[in-house]
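In my numbering, the protein residues as written are 17 to 276. In this text, a Cβ means the ideal position worked out from N, Cα and C, and glycines have one as well.
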Amino acid sequence: MVVAITNCSTERAIMKYGVHYGKVELGDIEGYDLVILEPEQYSRQQIATLSQSATDIIGYISMSEVNPHRWYYPLFRKAGFLGKNENWNSYYIDLKDSTVRSVLLDQVASEIMEMGFDGLFLDTVDGVAPHTDRGHLQDEMVELIRELDRRFPEAYIIQNRGIFLLPQSSAHIDAVMVEDVTTRYDFTSGQYSIRSETSYAEHVRWIHSFADTLKKPVLLLDYAVEEEMKKQATKRLDTLGQPYFISNIQLDTLPGRVGK
């Protein structure tokens, strides 16, 4: 199945995509239809250089957490945090706070788009999942996504996880990402593992439960470093008919394993 992009700089199909939070050069991304990058790694001139390729450049933004290294961390800290994500040493932010929302929209997202990115990758949307202490912030998350779509109508917006919000958010995004489809990563042990057949089958059924009605690209992202595990993951992912990318948990390598 070929998945078409219609909102980016040119209309094309997503056959090959990648994610890299380190630093890439123009030659690294050639051949990719779309790459997700960390904006703070680049200057405007560097993004202009990368944009010379046929690859659409998507900028990362965290929607419910902030890491201490971000320039806007002190602003969010003043608003008060709602807990800590120990896995990533990041803090949950209060989306009800007007300063937090303003910084995300007026400064972080706006700066990414002004740098020349073709779209936004909305990470940590699942930070307001119903089973968390922040489930009461779902309306605020949806409103942020709607506002991003309103302000940047030409941006290609990818929602990472947060599937429970799709009934409200799907009209304002262009694609959704699902992680850990065939593999798992244990933050405590630092070990990668392949899902059991039962777990994998359940995950696939879950993906089909929304992908068949979403009618938008579903990007699959798995984590593995050993070649044998990558081969097992690839064999499974090749049957799903969606673009996929396999990398390490740090997401600092290209090409990784990619396919469709």
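Taking 4 residues as the shortest admissible run, the segment 147 to 171 contains the following complete alpha helix (DSSP H) segments, listed from N- to C-terminal end: 154 to 167. In this model, E54 and A145 are separated by some 24 Å (Cα to Cα). Rounded to the nearest whole angstrom, the CA to CA distance from I173 to I73 is 11 Å. Its chain contains H36, Y37 and G38 as the residues whose beta carbon lies nearer than 8 Å to that of D268, once the 5 sequence neighbours on both sides are disregarded; these appear in chain order. Distance between V119 and V82, taken at the CA atoms: about 12 Å.
The C-beta distance from I210 to Q248 rounds to 5 Å, short enough to meet the 8 Å contact threshold. Bounds of the alpha helix (DSSP H) holding M129 are S126 to E130. In this structure, the alpha-carbon of I179 lies about 15 Å from that of E218. With a threshold of 16 other beta carbon atoms within 10 Å, G143 meets it and is buried.
The three-state reading of DSSP puts Y48 in coil, since its state is none of H, G, I, E or B.
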